[in-house]
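Everything below concerns the one structure shown next.
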Amino acid sequence: MTVYPLIFKVGPLSVTGYGIMMVVAFLVAGWVMQQELKRRGMGTDYAAEVVVWAVIGGIIGGKIWYAALYRDLGSLFSRGGLVWYGGFIGGVLAVAFNSYRRRVPLRFTMELTAPALAVGYAIGRVGCFLVQDDYGLPTSLPWAMKFPQGWPPSTVEHLRTLGADLPLDLPPGEVIAVHPTQLYETAAMLAAFWLLWRLRRHRHAAGWLFGVYLALAGLERFLVEFLRAKDDRFFGDFTLAQSVAVCLVAIGSFVLWRCWDRGETTTGALR
Numbered sequence: 142m143t144v145y146p147l148i149f150k151v152g153p154l155s156v157t158g159y160g161i162m163m164v165v166a167f168l169v170a171g172w173v174m175q176q177e178l179k180r181r182g183m184g185t186d187y188a189a190e191v192v193v194w195a196v197i198g199g200i201i202g203g204k205i206w207y208a209a210l211y212r213d214l215g216s217l218f219s220r221g222g223l224v225w226y227g228g229f230i231g232g233v234l235a236v237a238f239n240s241y242r243r244r245v246p247l248r249f250t251m252e253l254t255a256p257a258l259a260v261g262y263a264i265g266r267v268g269c270f271l272v273q274d275d276y277g278l279p280t281s282l283p284w285a286m287k288f289p290q291g292w293p294p295s296t297v298e299h300l301r302t303l304g305a306d307l308p309l310d311l312p313p314g315e316v317i318a319v320h321p322t323q324l325y326e327t328a329a330m331l332a333a334f335w336l337l338w339r340l341r342r343h344r345h346a347a348g349w350l351f352g353v354y355l356a357l358a359g360l361e362r363f364l365v366e367f368l369r370a371k372d373d374r375f376f377g378d379f380t381l382a383q384s385v386a387v388c389l390v391a392i393g394s395f396v397l398w399r400c401w402d403r404g405e406t407t408t409g410a411l412r
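Going by my numbering, the sequence shown runs without a break in its numbering and finishes at 412.
Here's what the structure looks like:
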């Protein structure tokens with residue numbers, strides 16, 4: 142299957158599928174938090190605050206991580222150049238700062254944002270698919286996809302630079318079918334969202350649900366990275382993203398242990 146990027150013009154502006162899905166991701170994440178606040182009988186304004194701070198921190202963090210990873214300071218001031226883990230760390234720090242500023246218990250904020258993070262990430266990966274970024278290694282599976290106008294295109298020449306084992310007689314410009322790993326991640330994190338949404342009513346201390354999210358997100362990314370077309374090997378055959386994913390699982394496991402039924406409730410903020 143050959144797939145082309147979603148890009149169209151609105152006057153002088155180029156609108157991409159990635160940009161559209163990022164907006165949708167933040168809106169849906171905000172809506173998810175509003176539903177949880179309503180369930181608790183609380184005001185919903187805090188959800189909008191979280192989204193705004195997450196956007197600000199996410200953009201700053203994502204750009205700093207990209208600039209450091211690719212040694213490209215110019216990307217700090219460009220339209221593109223974002224990395225998820227940098228955006229995640231930046232967004233978490235910004236939301237935590239706002240939580241402290243508003244005197245909202247941090248663990249309540251962690252609890253509130255867990256399902257929203259999962260569904261937001263799932264939608265964001267659809268955006269990556271629509272611009273054909275972050276795809277996987279070559280495969281002959283029935284659902285493999287070719288990205289002739291991807292970012293960059295899934296050509297023999299490009300895939301070889303990432304260590305893909307391809308026959309030597311293939312022309313450098315030939316477009317190769319690859320794993321649509323963006324969609325794998327979307328499916329995995331939608332499943333994680335479903336689980337997190339069901340676990341909201343599970344009896345636990347505030348913050349426990351965030352630990353579940355971290356563990357699931359880290360595990361998902363660690364596994365998908367084995368199929369990604371990447372060359373940022375950090376520790377042996379493991380990528381930088383896998384190293385961070387292991388840290389997420391470890392932190393998530395600690396949060397799960399720390400927040401397991403401490404005699405606290407998950408209510409009590411933003412009355």
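Just so you know, even glycine gets a beta-carbon here, dropped at the ideal spot from N, CA and C. Model, not experiment: these values are computed from the prediction.
Check, Outcome
"Please determine if the stretch 325-332 and the stretch 345-353 are in contact, where contact requires at least 3 C-beta pairs separated by less than 8 angstroms.", "no"
"Please report the straight-line C-alpha distance between L258 and A170, rounded to a whole angstrom.", "7 angstroms"
"Taking F351 as part of the alpha helix (DSSP H), name the residues at either end of that continuous run.", "349-365"
"With a CB to CB cut of under 8 angstroms and the five nearest residues on each side skipped, what residues in its chain are close to L397?", "W349, G352, V353, A356"
"First and last residue of the beta strand (DSSP E) that includes R374?", "374-376"
"Cα-Cα, which of G232, F363, L337, I230 is closest to P256?", "L337"
"In angstroms, rounded to a whole number, what distance separates the CA positions of F376 and G152?", "46 angstroms"
"Here's a check: name, in chain order, each residue in its chain whose Cβ is nearer than 8 angstroms to the Cβ of W284, leaving out the five neighbours to either side.", "M142, P321"
"Is it right to say G409 is buried, meaning 16 or more other beta carbons lie within 10 angstroms of its own, or is it exposed?", "Residue confidence for G409 is low, a pLDDT of 45 falling below 50, so the modelled location carries little weight and cannot support an answer."
"Can you pull the DSSP bridge partners for I148?", "T157"
"Residues in its own chain within less than 6 angstroms of G314 by CB, not counting five upstream and five downstream?", "T296"
"Can you give, in chain order, each stretch of the alpha helix (DSSP H) that sits fully within the stretch 222-310 and has at least 4 residues?", "225-242, 247-271, 297-302"
"If we call anything under 7 angstroms between Cβ atoms a contact, is G202 one with G227?", "yes"
"Kindly indicate which three-state DSSP category T322 falls into: helix, strand or coil?", "helix"
"Specify the secondary structure class of R212 as computed by DSSP and reduced to three states.", "coil"
"Per the DSSP calculation, T380 is bridged to which residue(s)?", "R374"
"Determine the contact status of L300 and A382, defining contact as a CB-CB distance below 7 angstroms.", "no"
"Considering only C-alpha positions, which residue in the set T302, V319, G304, E298 is nearest to L311?", "E298"
"Spell out a yes or no on whether the stretch 275-283 and the stretch 159-169 are touching, meaning 3 or more CB-CB pairs, one atom from each, closer than 8 angstroms.", "no"
"Give the single residue among V191, V224, K150, G158 whose Cα lies nearest to the Cα of D373.", "V224"
"On the three-state DSSP scale, how would you describe R180?", "helix"
"How is T408 classed by DSSP in three states: helix, strand or coil?", "For T408, the predicted structure reports a pLDDT of 47, less than 50, and the residue's modelled location is therefore unreliable. A value from the coordinates is still provided. Of the three classes helix, strand and coil, the one that applies to T408 here is coil, per DSSP."
"Please classify R369: does DSSP put it in a helix, a strand, or coil?", "strand"
"Assuming G261 and F167 make a contact with CB atoms under 8 angstroms, what is their CB distance in whole Å?", "7 angstroms"
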